[in-house]
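Asker: Here it is: the structure, laid out below.
Numbering (the working numbering), first residue to last: 56 to 652.
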């Protein structure tokens, strides 16, 4: 009887285990993909759709000067680019990805709704003066309502963009599936395809609606799309795999700094000794010679400081060799990372060409003209076209000619991108000089809203140069981080890129305010005047081109000081084409970045 009970208990336990496993397997999978991808896609259309024409809304709706309106947009973009870094930390350490995205949806929807209300409620904005002084300034309450909508949208973007892609990968990650890697790769492809299409729809469809129907409808449509984004995400809630939060990598990096400081008086043992704490089964038994002051964080003073499972009792006093090397890798790339900020500063000047385009002939046919805010699509077309050409035609042809795999190294691509971003500023300055001269010749010096007899298609070359800058530097930058960092730091690689954009937005606002302050007064018009015909936008562009030239020189120095990177080592080892392909699969694709936010 006892044996029967034991057998029954054993069988029941096995059945419970199988039932639990079956329940887990029923969650996640391809059925969740439409909801997750649609959530991200609608959010992108909604948030990016309000950006291009926002400069007009601030200037005409709130009577802000061009410089002040740009200052607001720069700070909003900085917040939007920084919050995903914070969101990733909260998702990994405390909230989990599902809750982070859920909160992001709610905040984004609230922000979009408040922005729509600023257009709907008559008293939410000052009376428009159509940029002709004297203009009544917006009250603190009116500006507060507007800024609160920006803040809510930034928080929402931080929640959705920080965790959406990884949350989708969680649904498909099945180690028992032999095609797991292929499924993941397919997911990333669809994810970025949906993202790119969404941005294109935002810059064309939403901008066109705003131009033709005004901001009441133009802000209402994104709000509806954001509602659909949240609704679709929550509808599939019961189907999601929801992993709990674990310790963040960022926490581990901070622990290394604290532990190194605590142990600063310790003498360093030889690098090949067994006195360094490392993860169980790790190949790294000792730290490297670089940045040796950090090695003190992993010095094992007493074997009793580590549990039998190989975990430090006090992680703030003893870290692993792997943690130390991760922080070293991060510190080493910071100089090169800082040189990418200049390109982001140039990219964030999106309001200038929008103002230029609005004063030029934008007609493609007699009945259709391209909205001023939609010219950025030429940058997107350049990026997409170049990536396809580079990946599918240029590299295979070059490899066939040379008889071995050919690819441009990440640092070389970053340098080429920095050259193109400076070139785009030079072209912008030349085109603006010609446009302004024509405006004065045609008697429009005091009329910034007059249409100059000059085709807006002259703006396309600067967008093309900017597109090449993005295609080379931005994507090269991401791949550089992924190739130089350990696999455990993949989240840091993407966070670094967004953080650089946030820093660039803050610096761009500082450059703009400095130029505005020191180029006006004593009867002189500011370079960045609200009257584009009286201002000297071309001088501002050329200032940025000079800074870009100095930055390129800094990049060359930093690149030389960094030494060979992982790509250079692979070339020296003559890695075969199929191995290169396997390595490339480890790096996530890079989304297009065509706007400051």
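By construction, the Cβ of each residue, glycine as well, lies at the ideal position given by its N, Cα and C atoms.
Computed from a prediction, not measured in an experiment: that's the story for all the values here.
On the criterion of 16 or more Cβ atoms from any shown chain inside 10 Å, does residue 501 qualify as buried, or is it exposed?
Answerer: Here residue 501 is taken as the residue at index 446 of the chain shown, counted from 1. That one is exposed.
Asker: Leaving out five residues before and five after residue 550 in sequence, what residues of the same chain have Cβ atoms less than 8 Å from its Cβ?
Answerer: What you label residue 550 is simply residue 495 of the chain shown in a count that begins at 1. For residue 550, where only same-chain residues beyond five positions count, the Cβ hits under 8 Å are 139, 140 and 143.
Asker: Excluding the five sequence neighbours on either side, which residues of its own chain have a C-beta within less than 6 Å of the C-beta of residue 395, listed in chain order?
Answerer: Locating residue 395 in the chain shown gives position 340, where the first residue counts as 1. Here the set comprises 532 and 555.
Asker: Decide if the stretch 559 to 573 is in contact with the stretch 433 to 441; the criterion is three or more beta carbon pairs, one per stretch, under 8 Å apart.
Answerer: Counting Cβ pairs under 8 Å, fewer than three are found: no touch.
Asker: Identify, in the order they occur along the chain, each residue of the same chain with its Cβ nearer than 8 Å to the Cβ of residue 367, setting aside the five sequence neighbours on each side.
Answerer: By one-based count along the chain shown, residue 367 stands at place 312. Only 332, 360, 361, 373, 374 and 375 meet the Cβ criterion.
Asker: Can residue 271 and residue 183 be called in contact, C-beta distance under 8 Å?
Answerer: If you number the chain shown from 1, residue 271 lands on position 216. If you number the chain shown from 1, residue 183 lands on position 128. No.
Asker: Take residue 87 as the anchor and find which of 606, 228 and 300 has the nearest alpha-carbon.
Answerer: Numbered from 1 along the chain shown, position 32 holds the residue referred to as residue 87. When each option's Cα is compared against that of residue 87, the closest is 228.
Asker: Starting from the Cα of residue 322, find the closest Cα among 293, 198, 356 and 338 and give me that residue.
Answerer: In the chain shown, residue 322 corresponds to position 267, counting from 1. For the residues 293, 198, 356 and 338, the minimum Cα distance to residue 322 belongs to 356.
Asker: Taking just the CA atoms, how far does residue 190 sit from residue 117?
Answerer: Sequence index remark: in the chain shown, residue 117 carries index 62 (1-based). Sequence index remark: in the chain shown, residue 190 carries index 135 (1-based). Their Cα atoms are separated by approximately 9 Å.
Asker: In angstroms, rounded to a whole number, what distance separates the CA positions of residue 133 and residue 281?
Answerer: Along the chain shown, one-based indexing puts residue 133 at 78. Along the chain shown, one-based indexing puts residue 281 at 226. Computed Cα separation, rounded: 21 Å.
Asker: Curious, which full-length alpha helix (DSSP H) runs of at least 4 residues does the stretch 366 to 440 contain?
Answerer: Listed in chain order, they are 376 to 394, 396 to 402 and 406 to 413.
Asker: Near residue 579, what residues of its chain come up, given a Cβ to Cβ distance below 6 Å and the 5 sequence neighbours on each side ignored?
Answerer: As a working note, residue 579 is residue 524 in the chain shown. The answer is none, since no qualifying residue turns up.
Asker: For residue 413, I'd like the list of residues in its chain whose CB is within less than 6 Å of its CB, leaving aside the five on either flank, ordered along the chain.
Answerer: In the chain shown, the residue the question calls residue 413 occupies position 358. For residue 413, where only same-chain residues beyond five positions count, the Cβ hits under 6 Å are 427.
Asker: Mind checking which residues open and close the beta strand (DSSP E) that includes residue 508?
Answerer: For the purposes of this step, residue 508 is identified with residue 453 of the chain shown, where counting begins at 1. That run of the beta strand (DSSP E) goes 507 to 510.
Asker: Decide if residue 417 is buried, meaning its Cβ has at least 16 other Cβ atoms within 10 Å, or exposed.
Answerer: In the chain shown, residue 417 corresponds to position 362, counting from 1. Its Cβ being crowded by 16 or more others within 10 Å, residue 417 is buried.
Asker: Closer than 8 Å is the cut-off here; do at least three beta carbon pairs connect the stretch 535 to 542 with the stretch 450 to 459?
Answerer: Touching, no, given that fewer than three Cβ pairs across the two stretches are closer than 8 Å.
Asker: Short of 8 Å in beta carbon distance, which residues of its chain neighbour residue 371, apart from the five on each side in sequence? Order them along the chain.
Answerer: Within the chain shown, numbered from 1, the residue matching residue 371 stands at position 316. Result list for residue 371: 310, 313, 314 and 317, in chain order.
Asker: Please say whether residue 113 and residue 124 have beta carbons closer to each other than 8 Å?
Answerer: Indexing the chain shown from 1 puts residue 124 at position 69. Indexing the chain shown from 1 puts residue 113 at position 58. A contact, by the Cβ cut-off of 8 Å.
Asker: Are the beta-carbon atoms belonging to residue 180 and residue 193 less than 8 Å from one another?
Answerer: On the chain shown, residue 180 is found 125 positions in, with the first residue counted as 1. On the chain shown, residue 193 is found 138 positions in, with the first residue counted as 1. The answer is yes: Cβ separation under 8 Å.
Asker: Just to confirm, is the Cβ distance from residue 474 to residue 290 under 8 Å?
Answerer: In the chain shown, counting from the first residue as 1, residue 474 sits at position 419. In the chain shown, counting from the first residue as 1, residue 290 sits at position 235. The answer is no: Cβ separation not under 8 Å.
Asker: Is DSSP giving residue 247 helix, strand or coil here?
Answerer: Sequence index remark: in the chain shown, residue 247 carries index 192 (1-based). Residue 247 falls in the helix class under three-state DSSP.
Asker: From residue 495 to residue 521, what does the alpha carbon distance come to, in whole angstroms?
Answerer: Taking the chain shown and counting its residues from 1, one reaches residue 495 at position 440. Taking the chain shown and counting its residues from 1, one reaches residue 521 at position 466. In a straight line, the C-alpha of residue 495 is about 28 Å away from that of residue 521.
Asker: According to DSSP, simplified to helix, strand and coil, what is residue 629?
Answerer: The count along the chain shown starts at 1 and reaches residue 629 at position 574. Caution is warranted here: a pLDDT of 46 is assigned to residue 629, below 50, making its placement in the model unreliable, and no coordinate value can be reported.
Asker: Spatial neighbours of residue 136 within its chain, please: C-beta separation below 7 Å, excluding the five flanking residues on both sides.
Answerer: Against the chain shown, residue 136 aligns to sequence position 81. If we look at residue 136 and ignore the five residues flanking it on each side, its Cβ neighbours are 553, 556, 557, 560 and 652.
Asker: Comparing alpha-carbon positions, which option in 386, 582, 167 and 401 lies nearest residue 285?
Answerer: Numbered from its first residue, the chain shown carries residue 285 at position 230. Measuring from the Cα of residue 285, the nearest candidate turns out to be 167.
Asker: By how many angstroms is the C-alpha of residue 320 removed from the C-alpha of residue 604?
Answerer: Position 549 of the chain shown holds residue 604. Position 265 of the chain shown holds residue 320. If I take the Cα positions, the gap works out to 44 Å.
Asker: Whole angstroms are fine: how far does the CA of residue 455 sit from the CA of residue 425?
Answerer: As a working note, residue 425 is residue 370 in the chain shown. As a working note, residue 455 is residue 400 in the chain shown. Distance between the alpha carbons of residue 425 and residue 455: 42 Å.
Asker: For residue 131, report the span of its alpha helix (DSSP H) as first-last.
Answerer: As a first step, residue 131 is located in the chain shown; it is residue number 76 there, counting from the start. Run containing residue 131: 121 to 145, per the alpha helix (DSSP H) assignment.
Asker: Less than 8 Å between the beta carbons of residue 110 and residue 162, yes or no?
Answerer: In the chain shown, the residue the question calls residue 110 occupies position 55. In the chain shown, the residue the question calls residue 162 occupies position 107. Cβ distance not < 8 Å, so residue 110 and residue 162 don't count as in contact.
Asker: Closest by CA to residue 467, which one among 614, 247 and 293?
Answerer: By one-based count along the chain shown, residue 467 stands at place 412. For residue 467, the nearest C-alpha among the options comes from 614.
Asker: Could you say which of 577, 570 and 536 lies nearest to residue 594 if we only look at CA atoms?
Answerer: Residue numbering aside, residue 594 sits at position 539 when the chain shown is read from its first letter. Among 577, 570 and 536, the Cα nearest to that of residue 594 is on 570.
Asker: Could you please give me the residues that DSSP links to residue 331 through a beta bridge?
Answerer: Here residue 331 refers to the residue found at position 276 of the chain shown. Paired residue(s): 354.
Asker: Taking the Cβ atom as the reference point for each residue, do residue 98 and residue 249 lie within a distance shorter than 8 Å?
Answerer: Position 43 of the chain shown holds residue 98. Position 194 of the chain shown holds residue 249. No.
Asker: In three-state DSSP terms, what is residue 579?
Answerer: For the purposes of this step, residue 579 is identified with residue 524 of the chain shown, where counting begins at 1. Strand.
Asker: I need the straight-line Cα distance from residue 350 to residue 379, nearest angstrom please.
Answerer: The sequence position of residue 350 within the chain shown is 295, counting from 1. The sequence position of residue 379 within the chain shown is 324, counting from 1. Using only the alpha carbons, I get a separation of about 7 Å.
Asker: Which runs of the beta strand (DSSP E), 3 residues or longer, sit entirely within the stretch 495 to 538?
Answerer: DSSP runs (the beta strand (DSSP E)) wholly in the stretch 495 to 538: 507 to 510.
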